[in-house]
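Peer 1: Numbering (the numbering used here), first residue to last: 23 to 414.
Note that beta-carbon positions come from the ideal geometry of N, C-alpha and C, so glycine has one too.
All of these numbers come straight from a predicted model, not from anything done at the bench.
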């Protein structure tokens, strides 16, 4: 058994090195601008998928895994991506053991948490040929044909698979380089010396939260303000502010979006953040249930929804319920608007510039490691920093 495990490990290491070899060639081609060696057919086949990487990143990783399998096992029909298919193989195992670790090392922004084969489309029992593959439940229907056609070309050898791999990795490398330039510019913009107050900080955040697909931004703002509170508030002595989870993780679990834990690894204070969703009694019931038989002392439910609650009557009901919970269980539940809470928190922050820098750094950290923070969120924050930092 041990010998078998060692053999598998050796094979996985070899496959990983194979990917790295192709990556080094991709960097070389990119830096020398030798894209003329890549045929237009390859570019036409891959570019549509690259253009949609922010919303369909799993497909890129699936293609890399399929290319790798074809390179190491030319006889394998890569369209049969499940071991349960006759003459099939487990693409998911190869992706989990090799491709995902490779992406986490070199392209963390586009890496899947465990594997690319956990989405509804990639785990569906559909053979990836041009006919049956039409049943693929891809979120972006217009990518079904480009994906299937590319897989078909790789399988039938109508395009050079080595060059295909190199071109795909070179595009990922270019994206990563471009992102890093934007990140560096943003960090530089955050280092301004203009005098700012609570109202200015709140205006900056409110403007940023108005971006589309911005549900992650309030979470990062609260997490950033907690980092500042940990410096000054006695309540957080000997407490641990846990790193943010990635919302798109297949195995996301826990108590809240922002979590403070005791040193003995028990939960202490939790924050759940809703974006444009009014607070109702069911949300409160849920957090009370999650807190049962735990050491949680305080649980915040914060929302960006302007009126906070579904109605005045609902707010009154929730406030009475919260008082009862406090008496019966010594659990303090606080339901509020996120802007009100940020204003309150910022009163205890000694240096607003430090908060702005922390928020900026956390935005970039998130953008580097997932696609929840989009490129346009970073660029929008750049414009806000220029505006309030008086930079042209």
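1. If distances are taken between C-alpha atoms only, which option among 267, 353, 373 and 151 comes closest to residue 253?
2. Suppose you measure from the CA of residue 340 to the CA of residue 311; what does that come to, to the nearest Å?
3. Can we say the stretch 38-55 touches the stretch 164-175, given the rule of at least three CB pairs closer than 8 Å?
4. Where DSSP assigns a beta bridge to residue 263, which residues make up the other side?
5. Please report the distance separating the alpha-carbon of residue 255 from that of residue 248.
6. Which residues does DSSP pair with residue 354 in a beta bridge?
7. In or out: residue 83 buried (at least 16 other Cβ within 10 Å) or exposed?
8. Does the distance from the C-beta atom of residue 138 to that of residue 80 stay below 8 Å?
9. Is the number of C-beta pairs between the stretch 329-346 and the stretch 188-204 that are closer than 8 Å three or more?
10. Given a cut-off of 8 Å, decide if residue 323 and residue 294 are closer than it, judged by their beta-carbon atoms.
11. Thinking C-beta only, is residue 258 closer than 8 Å to residue 266?
12. Pull up the DSSP beta-bridge partners for residue 293, would you.
13. Quick one: Cα of residue 304 to Cα of residue 369, how far?
14. Excluding five sequence neighbours on each side, which residues of the same chain lie with their C-beta closer than 8 Å to the C-beta of residue 42?
15. Residue 98 to residue 149, Cα distance in whole Å?
16. Are residue 151 and residue 114 close, meaning C-beta to C-beta below 8 Å?
17. Note the first and the last residue of the continuous alpha helix (DSSP H) segment covering residue 187.
18. Under 8 Å, do residue 424 and residue 183 count as touching if we go by C-beta distance?
19. Taking the C-alpha atoms as reference points, what is the distance between residue 145 and residue 220?
20. Express the C-alpha separation of residue 77 and residue 367 in angstroms, rounding to a whole number.
21. Grab me the residues of residue 406's own chain with a C-beta within less than 8 Å of its C-beta, minus the 5 sequence neighbours each way, in chain order.
22. Could you tell me the distance, in whole angstroms, from the CA atom of residue 320 to the CA atom of residue 34?
23. Residue 387 to residue 121, Cα distance in whole Å?
24. Along the chain, where does the alpha helix (DSSP H) containing residue 239 start, and where does it finish?
25. What whole-angstrom Cβ distance do residue 64 and residue 166 have, given they're in contact under 8 Å?
26. Under a three-way DSSP split, which group does residue 359 fall into?
27. What residue range does the alpha helix (DSSP H) around residue 377 cover?
28. Starting from residue 118, follow the alpha helix (DSSP H) in both directions and report where the run begins and ends.
29. Please classify residue 56 as buried or exposed, where buried requires at least 16 other C-beta atoms within 10 Å of its C-beta.
30. Pull up the DSSP beta-bridge partners for residue 331, would you.
31. Could you name the residues of the same chain whose beta carbon sits closer than 6 Å to that of residue 214, not counting the 5 residues immediately before and after it, in chain order?
32. Determine the extent of the alpha helix (DSSP H) in which residue 103 is found, giving its start and end residues.
Peer 2: On the basis of the data shown:
1. 373
2. 15 Å
3. no
4. 282
5. 10 Å
6. 320
7. buried
8. yes
9. no
10. yes
11. no
12. 280 and 322
13. 31 Å
14. 124
15. 14 Å
16. no
17. 183-212
18. The shown model of the chain, from 23 to 414, leaves out residue 424, and the question about it has no answer.
19. 48 Å
20. 34 Å
21. 226, 229 and 230
22. 46 Å
23. 22 Å
24. 238-254
25. Contact flag wrong, Cβ pair sits at about 20 Å.
26. strand
27. 374-391
28. Run containing residue 118: none; DSSP gives neither H nor E here.
29. exposed
30. 301
31. 411
32. Note, residue 103: premise wrong, no alpha helix (DSSP H); not H, not E.
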